[in-house]
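Novice: If you read the protein sequences in the order shown, they are chains R and L.
Counting from 40, one number per residue, gives the positions in the first sequence under the working numbering.
Counting from 165, one number per residue, gives the positions in the second sequence under the working numbering.
Glycine included, each C-beta is placed from N, C-alpha and C at the ideal position.
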Amino acid sequence: MRQKVQQAVSPVFLKIEQLDEDKYGYLLVAPVFLVLGVLAFYPLVRTFYFSLQDDDLTGVHPIGEFVGIENYVQILSGDANAILTSPFFDLQAPFSSALIVTLLITGVSVAIGTILGLGMAIILNKEFKGRRYARTIVILPWSIPIVIQGMMFFLLFQPSLSPFVEPLANLGIFSSNPLISSQDSTIIIILIDIWRKIPFIALIIMAGIASIDQNLYDVAEVAGATKWQQFRLITLPQIKPVLFIGMIFYTISSMKIYGIVEASAGCSTVPTLTCLVVQTFRQQRWATASAIAFLTAVVIGVIIMVYVVRFREADAS
Amino acid sequence: MNNNFIYYDYDIQRMVRDSSGTHTSSHSSARALSRRQFVTAVGASGLAVGLAGCSGTGGGDGGGGDGSSGGEVSTDDLEYGGEDVTVEYSTAPLFGNIADTLKQAAYDAGLPESIDIEFSTTVWGADDLQDRYNQILSSGRTTPDFMLTNFAYTPFFAPREWLLDLTQVLGEEKLNALENDYSQVMVDSMRWDGGLYGVPQFIDIPTIQYRKDLVEAAGYDPEGENWATEPLTWEYFAEVTKAAQEEAGTDHGYTTAMNQRNIGSITGYEHLVTNGGNYFGDMTNQNGPIGDRPVTIDEEQTVQTLRQFRTFLYGSDDEYAIEGLTGGITPPNALGWDTSPSMESFNAGEAITHRNWSFAIAEYGSEENFGEDLGVMPYPYGVSESEAAYEGAGGTNAKLGGWHLSINPNTEKLAATVEAIKAMTSDEFYLTIFEELGSTPPKPGLFESDRAQEVDVMSRYLDTLQFQSQNQFAPPINAVWDPQKSAIGQEFHACLNQQKSPEEAVAAAQSQVEQIEEQES
């Protein structure tokens, strides 16, 4: 029996042994790709499959019959707005519109957070007394659980508890009760997102800066380059790959923002895409929730594509 | 660097030749694993993992399937043989925090000692619990065996067969008791399509809780006017609150939770009903037929209700204030409050009157807080029942609240679970949680029992609780209520936040609710 098995598999092994190095390498990593593919893509495919069915509110199973792209049409045309806790996309009410609110939070947060993170990374990379402690303190916001982060800001902007609300209202920056205003609360959520993500992006950039060959700066010094020129011509190009990766993670995380919203202003005040998915799922509209989740994944995918294309362009230039 | 790479490449090539047996090399001892061995080992491991995964999936499907109960319950399933068994009870911190006391109460109520109840304490909050049960029940898990449920879950879980129909397992005696001795609005809230999906654990009765000492100091006589069981009108209520607030110098007059989640479905709904209105005409229309029932939001009663709130919030200066109604008694901050912040404000002595569920009475009325200075009155009203536009509306009225016990249809310990449910819905158990937590019994008859009359704090307010429990309405219990209450809440909230006029808000809410009715009919 054993001999028969050996005879049967022997040609396969022989072929493997004759593979060139590239093919052998691909063979070795194939199982990992397979597992990752199943873990990453199966849920996405399954979500897409659900999104093509109808919601069944009264049947034994929450998924009804096949309706094709009907759910997508309803969501994108606004016909589904009535059953959604907030519209998916509505230019008439931008601060009630999940897609607009999410893109606004992501765009502003990633832009400001990355610039501040870059500055923080450069400062923390310099030698100064107490740098180790400064690095520990800086990373703290990132290590605090999301719910506590949300609660901190909730208390900070509660008119009856916080000493800051009234002065901010008097200055015209916020209304007297910012956590019930969609506009004010969106700004607050952006602030929280920036505050909690700066350490993350700063750490990634610091890793990039640490890998830059110091000789380059020495040569630049000798050549008479200013600090700005050193930053523009050495630091920035060298950290560009990690900066792009950091921004991609930052963007993905902000596009899926939920915990801090729920723990501070609430999903009814700041309706993000994930809020919409959770609330629709809670209503047992699994097909609609799947369609919104898939659309969210598509939007994230498109944004990442833009990043990748820009990165390639920058790299080529 | 390049040299290293060449050496590495050379070594690999040498090893490949070694493994094929065509060459020998001194390097063979350094790299003992050949490609053939490596691939064999990985293949065998992969096959084993794959088989394990397949067998696991098979088991999972068999045990859980789509999460539905399937099949009928046989008599054998219900016969508890006295064996040692532990049943898992998924509950909220309210009960989980006193698990030992409650277990003893269950044994005192007749639960066999061989049945152990494991309290699985989760989160507090109807939405969070619903999310958790959504996952557990849809995946067909066999545990928890039973759980604390809210009637808001009925339209979502019952059609899916995610809860066990208790008419199959409770027996005639218990079913008769549910029919005759319990608050029927509470029992009916767990009925669906002829089945019963929960037994009431406690009923929550909203009332107005107030500072009797401050009201008396302002010259009013709650005892003499029998506020405990004779509801005030909203006009008189506002006048009393304002006078006491000014006399005592408190920050606020009347506080309640008015955030978007609460305003359309709880506080605002209660005010509307006491003003004679309703969202769907008569109360008999609450659950449908969806699409064929009248939508009655854009009506004078609703506009008046929103104007009443705006008067309470902003006083007579507000553009839509009701002339002659005392106002400026509710802080605009309340528009961001859920139950907890609104409770804190009253507990801190910042308000005169406060709307809350009955559980809060035990806390406010304790000796550490207001003691006998706490008064409780039924909900005030705008129009009497006879003057109300719709049947079931008008007069004092408050939204139904409370929690139930439901059984996981996939439990493997059904007989023991039924025993546990019976013990935990006995009079003995109800009175224990009333004593320990102030959780009001869902059987009105128990209010008059000697034991209830002796319960510290709560016994002082039994008359009011009993009176209000006879004047409670159930909100719509169907799958379309969720988006409808959300739409109403958003519009009402925008109005109370002075972003929309009452007329605009009710018209928009009417339109959205009608649209949902049309889509879902």
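1) Would you check if the region 469–478 of chain L and the region 489–503 of chain L touch, i.e. whether three or more CB-CB distances between them fall below 8 Å?
2) Any chance you could list the alpha helix (DSSP H) runs of at least 4 consecutive residues sitting entirely within the region 345–430 of chain L, in chain order?
3) Using a beta-carbon distance cut-off of less than 9 Å, what residues from the region 277–297 of chain L approach chain R?
4) Determine whether the Cβ of residue 690 (chain L) lies closer than 8 Å to any Cβ atom of chain R.
5) What's the C-alpha gap between residue 166 (chain R) and residue 235 (chain R)?
6) Does the Cβ-Cβ distance between residue 581 (chain L) and residue 306 (chain L) come in under 8 Å?
7) If we require 3 or more residues per run, which beta strand (DSSP E) segments fall completely within the region 537–622 of chain L?
8) Can you give me the Cβ contacts of residue 471 (chain L) inside the same chain, cut-off strictly under 8 Å, excluding the 5 residues immediately before and after it?
9) Residues in its own chain within less than 7 Å of residue 194 (chain L) by CB, not counting five upstream and five downstream?
10) How many angstroms separate the CA atom of residue 389 (chain L) from the CA atom of residue 635 (chain L)?
11) If you measure from the beta carbon of residue 98 (chain R) to each beta carbon in chain L, is any gap under 8 Å?
12) Output yes or no for whether 8 Å exceeds the beta carbon distance between residue 445 (chain L) and residue 458 (chain L).
13) What is the DSSP secondary structure of residue 313 (chain L), reduced to helix, strand or coil?
14) Under 8 Å between C-beta atoms, does residue 228 (chain L) make it to chain R?
15) Out of curiosity, what's the CA-to-CA distance linking residue 331 (chain R) and residue 149 (chain R)?
16) Quick check on residue 101 (chain R) - is its C-beta less than 8 Å from some C-beta in chain L?
17) Hey, residue 377 (chain L) and residue 537 (chain L) are a contact pair by Cβ (cut 8 Å); roughly how many whole angstroms apart?
18) Taking DSSP's pairing of strands, which residues face residue 518 (chain L) in a bridge?
19) Use the C-beta contact count for residue 252 (chain R): other C-beta atoms within 10 angstroms, 16 or more gives buried, fewer gives exposed.
20) Residues in its own chain within less than 7 Å of residue 93 (chain R) by CB, not counting five upstream and five downstream?
21) Which of helix, strand or coil does DSSP assign to residue 297 (chain R)?
22) Please confirm if residue 500 (chain L) has its CB atom under 8 Å from at least one CB of chain R.
23) Are residue 368 (chain L) and residue 565 (chain L) closer than 8 Å when you measure CB to CB?
24) Is it the case that the Cβ atoms of residue 431 (chain L) and residue 519 (chain L) are separated by a distance below 8 Å?
25) In this structure, what does DSSP give as the bridge partners for residue 253 (chain L)?
26) Does residue 268 (chain R) have its Cβ less than 8 Å from a Cβ in chain L?
27) Distance cutoff 8 Å, beta carbons only. Does residue 573 (chain L) sit that close to anything in chain R?
28) Closest Cβ-Cβ distance between residue 208 (chain R) and chain L: below 8 Å?
29) Looking at the secondary structure, which residues open and close the alpha helix (DSSP H) in which residue 103 (chain R) lies?
30) Taking 8 Å as the cut-off, decide whether the C-beta atoms of residue 308 (chain R) and residue 424 (chain L) are in contact.
31) Identify, in the order they occur along the chain, each residue of the same chain with its Cβ nearer than 7 Å to the Cβ of residue 281 (chain L), setting aside the five sequence neighbours on each side.
32) Can a CB atom of chain L be found closer than 8 Å to the CB of residue 122 (chain R)?
33) By how many angstroms is the C-alpha of residue 317 (chain L) removed from the C-alpha of residue 685 (chain L)?
34) Shorter than 7 Å, the distance from the beta carbon of residue 589 (chain L) to the closest heavy atom of the ligand GDP, or not?
35) Is there a Cβ of chain L sitting closer than 8 Å to that of residue 44 (chain R), yes or no?
36) Residues bridged to residue 26 (chain R) by DSSP?
Specialist: Let's see:
1) In this structure the region 489–503 of chain L lies against the region 469–478 of chain L, because at least three pairs of beta carbons, one per stretch, are closer than 8 Å.
2) 348–352, 376–381, 398–412
3) 291, 294, 295
4) It is not possible to answer for residue 690 (chain L), since the shown part of chain L is limited to 165 through 685.
5) Here residue 166 (chain R) is taken as the residue at index 127 of the first sequence, counted from 1. Here residue 235 (chain R) is taken as the residue at index 196 of the first sequence, counted from 1. Approximately 25 Å, taken between the alpha carbons.
6) Counted from its first residue, the second sequence places residue 581 (chain L) at position 417. Counted from its first residue, the second sequence places residue 306 (chain L) at position 142. Contact: no.
7) DSSP runs (the beta strand (DSSP E)) wholly in the region 537–622 of chain L: 538–541, 565–571.
8) If you number the second sequence from 1, residue 471 (chain L) lands on position 307. For residue 471 (chain L), where only same-chain residues beyond five positions count, the Cβ hits under 8 Å are 484, 485, 486, 666.
9) Here residue 194 (chain L) refers to the residue found at position 30 when the second sequence is read from its first residue. Interpretation of residue 194 (chain L) is limited by its pLDDT of 42, a score under 50 that renders its predicted location unreliable; no figure is taken from the coordinates.
10) Residue numbering aside, residue 389 (chain L) sits at position 225 when the second sequence is read from its first letter. Residue numbering aside, residue 635 (chain L) sits at position 471 when the second sequence is read from its first letter. Each residue's Cα considered, the two are about 20 Å apart.
11) To locate residue 98 (chain R), count along the first sequence from 1; it is residue 59. Taking Cβ atoms only, chain L reaches closer than 8 Å to residue 98 (chain R), which makes this a yes.
12) Translated into the one-based positions of the second sequence, residue 445 (chain L) becomes position 281. Translated into the one-based positions of the second sequence, residue 458 (chain L) becomes position 294. It is a contact, given that the beta carbons lie within the stated cut-off.
13) The residue labelled residue 313 (chain L) in the question sits at position 149 within the second sequence. Assignment of residue 313 (chain L) by DSSP, reduced to helix, strand and coil, places it in the strand class.
14) If you number the second sequence from 1, residue 228 (chain L) lands on position 64. In this predicted model, residue 228 (chain L) has a pLDDT of only 35, less than 50, meaning its place in the structure is not dependable enough to derive any value.
15) Walking along the first sequence from the start, residue 331 (chain R) turns up at place 292. Walking along the first sequence from the start, residue 149 (chain R) turns up at place 110. Cα to Cα, residue 331 (chain R) sits roughly 23 Å from residue 149 (chain R).
16) Residue 101 (chain R) sits at position 62 when you count from the first residue of the first sequence. Put simply, the CB of residue 101 (chain R) is near chain L, with a gap under 8 Å to one of its CB atoms.
17) For the purposes of this step, residue 377 (chain L) is taken as the residue at position 213 of the second sequence. For the purposes of this step, residue 537 (chain L) is taken as the residue at position 373 of the second sequence. Indeed, because the Cβ distance is near 4 Å, the residues count as touching under 8 Å.
18) By 1-based counting over the second sequence, the position of residue 518 (chain L) is 354. According to DSSP, residue pairing for residue 518 (chain L) in a beta bridge involves L:373, L:419.
19) Position 213 of the first sequence, counted from the first residue, corresponds to residue 252 (chain R). Per the 10 Å Cβ criterion, exposed.
20) Here residue 93 (chain R) refers to the residue found at position 54 when the first sequence is read from its first residue. Same-chain partners within the cutoff: 103, 104, 106, 326.
21) As a first step, residue 297 (chain R) is located in the first sequence; it is residue number 258 there, counting from the start. Residue state, collapsed to three classes: coil.
22) Stepping through the second sequence from its first residue, residue 500 (chain L) is reached at position 336. Closer than 8 Å: yes.
23) Here residue 368 (chain L) is taken as the residue at index 204 of the second sequence, counted from 1. Here residue 565 (chain L) is taken as the residue at index 401 of the second sequence, counted from 1. A contact, by the Cβ cut-off of 8 Å.
24) For the purposes of this step, residue 431 (chain L) is taken as the residue at position 267 of the second sequence. For the purposes of this step, residue 519 (chain L) is taken as the residue at position 355 of the second sequence. Yes; because the gap between Cβ atoms is below 8 Å, this pair is in contact.
25) For the purposes of this step, residue 253 (chain L) is identified with residue 89 of the second sequence, where counting begins at 1. For residue 253 (chain L), which the question treats as bridged, DSSP gives the partners L:283, L:310.
26) Start at 1 with the first residue of the first sequence, and residue 268 (chain R) comes out as number 229. Answer no: the Cβ-Cβ gap between residue 268 (chain R) and chain L never drops below 8 Å.
27) Along the second sequence, one-based indexing puts residue 573 (chain L) at 409. No, its Cβ sits nowhere closer than 8 Å to a Cβ of chain R.
28) The residue you call residue 208 (chain R) lines up with position 169 of the first sequence. Cβ-Cβ to chain L under 8 Å: no for residue 208 (chain R).
29) If you number the first sequence from 1, residue 103 (chain R) lands on position 64. Counting along the chain, residue 103 (chain R) falls outside any alpha helix (DSSP H), though it belongs to the beta strand (DSSP E) covering 102–105.
30) As a first step, residue 308 (chain R) is located in the first sequence; it is residue number 269 there, counting from the start. As a first step, residue 424 (chain L) is located in the second sequence; it is residue number 260 there, counting from the start. Going by C-beta atoms, residue 308 (chain R) is nearer than 8 Å to residue 424 (chain L).
31) Sequence index remark: in the second sequence, residue 281 (chain L) carries index 117 (1-based). Answer for residue 281 (chain L): 251, 253, 267, 270, 584, listed in chain order.
32) To locate residue 122 (chain R), count along the first sequence from 1; it is residue 83. Yes, contact with chain L.
33) In the second sequence, the residue the question calls residue 685 (chain L) occupies position 521. In the second sequence, the residue the question calls residue 317 (chain L) occupies position 153. In a straight line, the C-alpha of residue 685 (chain L) is about 20 Å away from that of residue 317 (chain L).
34) What this structure holds is no ligand at all, so the ligand GDP is not there to describe.
35) On the first sequence, residue 44 (chain R) is found 5 positions in, with the first residue counted as 1. No, no contact with chain L.
36) In this structure chain R extends from 40 to 356, so residue 26 (chain R) is not present and cannot be described.
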